[in-house]
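In this note's numbering, the protein residues as written are 144 to 204.
Below: one structure, written as structure tokens.
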Amino acid sequence: MSNSTGIESTRAELKASGDNVFVSWWEKSDGKDQPMMRISHDGGQTFGEAIMLTANSTSAS
């Protein structure tokens, strides 16, 4: 999912709706987990750049 060296990709999920395909996964770099996503609008023929979904963690009180 990621072409970056030294980064571990885990927990991949794939969802599709019509021609839209969504791939999400977690990347671990420097001990930090980051949720990532790539989107295709042509049935998976091509995908856009990887998007970091959030860099913040929150906790409920």
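Built from N, CA and C at the ideal position, the CB exists for glycine as well.
On a predicted model such as this, the values are computed, not experimentally measured, just so you know.
For V164 and G174, the gap between their C-alpha atoms comes out near 29 angstroms. For E156, the enclosing beta strand (DSSP E) begins and ends at 151-160. The Cβ neighbour count for E170, taken over all protein chains shown within 10 Å, is at least 16; the residue is labelled buried. Per the C-alpha coordinates, the member of S152, Q177, L157 positioned closest to M195 is Q177.
DSSP, read as helix, strand or coil, puts E170 in strand.
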